[in-house]
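Below is one structure, written out as structure tokens; the observations come after it.
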Amino acid sequence: MSILTFLGACSAGINGDNYLDMQPTFKLEDYFNGPIKVWGIVQDRSGNVVNRFDADMVGRWEGDEGVLDEVFTYYDSGKIQRRKWEITKIDELHYQGKAGDIIGIAAGTAHGNAIYWTYEMDVPVRDTSYRLKFDDWMWAMNDGVVVNRSYMKKFGIRVAELTIFMQKQ
Numbered sequence: 632m633s634i635l636t637f638l639g640a641c642s643a644g645i646n647g648d649n650y651l652d653m654q655p656t657f658k659l660e661d662y663f664n665g666p667i668k669v670w671g672i673v674q675d676r677s678g679n680v681v682n683r684f685d686a687d688m689v690g691r692w693e694g695d696e697g698v699l700d701e702v703f704t705y706y707d708s709g710k711i712q713r714r715k716w717e718i719t720k721i722d723e724l725h726y727q728g729k730a731g732d733i734i735g736i737a738a739g740t741a742h743g744n745a746i747y748w749t750y751e752m753d754v755p756v757r758d759t760s761y762r763l764k765f766d767d768w769m770w771a772m773n774d775g776v777v778v779n780r781s782y783m784k785k786f787g788i789r790v791a792e793l794t795i796f797m798q799k800q
């Protein structure tokens, strides 16, 4: 394998077209309407779990405008973190979102049973914080479950991953 092939394989992203015909279809405004229970882990670039948490979310939609209130509880530190997303449905495939700790506007695109979000956030680590780019994929499963994988990057290099399981209550 040449170095160019290797680098191309490392930088290749997930292809949303692979999910266009998969079921169940993921409609953000349907799923994030009402209460949702969440469990998650954060892994460093070596795959070690560095944080575990659960969260309670409540979503509300009126027309093309949604609000998602999130309350995270981190297992190891007991720290509570709150985030309030304001989400706008642009058309049948596109969304925009903002939250207090998100830099600029998050962009979302629906792909059948998946939704892809991209955004930047300053992530606190010990006594400092790092601005990271998030490639955030959510896939609808059966029984009101969504699996969320976030790939956190700095200078285009993956530095951490986030795995979340959500269940509509």
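Quick note on the numbering used here: the sequence shown kicks off at 632 and runs consecutively.
Here a beta-carbon is modelled for each residue, glycine too, at the ideal position from N, C-alpha and C.
Buried versus exposed, by CB contacts within 10 Å (16 or more), Ile788: Numbered from 1 along the sequence shown, position 157 holds the residue referred to as residue 788. Exposed, since its Cβ has fewer than 16 Cβ neighbours within 10 Å.
Extent of the continuous beta strand (DSSP E) run through Leu724: Counted from its first residue, the sequence shown places residue 724 at position 93. Leu724 -> no beta strand (DSSP E), and no H or E assigned at all.
Rounded straight-line distance, which links the Cα of Leu699 to that of His742: Within the sequence shown, the letter at position 111 stands for residue 742. Within the sequence shown, the letter at position 68 stands for residue 699. When rounded, the distance between both Cα atoms is 21 Å.
Straight-line gap, Phe663 to Ser677 (C-alpha atoms, nearest Å): For the purposes of this step, residue 663 is taken as residue 32 along the sequence shown, with counting starting at 1. For the purposes of this step, residue 677 is taken as residue 46 along the sequence shown, with counting starting at 1. Roughly 32 Å separates the two Cα atoms.
Where the beta strand (DSSP E) containing Leu793 begins and where it ends: For this step, residue 793 is matched to residue 162 along the sequence shown. In the DSSP assignment, Leu793 falls within the unbroken beta strand (DSSP E) covering Ile788 to Lys799.
Leu724 versus Thr740: straight-line alpha-carbon distance, rounded: On the sequence shown, residue 724 is found 93 positions in, with the first residue counted as 1. On the sequence shown, residue 740 is found 109 positions in, with the first residue counted as 1. Our two residues, Leu724 and Thr740, have alpha carbons roughly 5 Å apart in a direct line.
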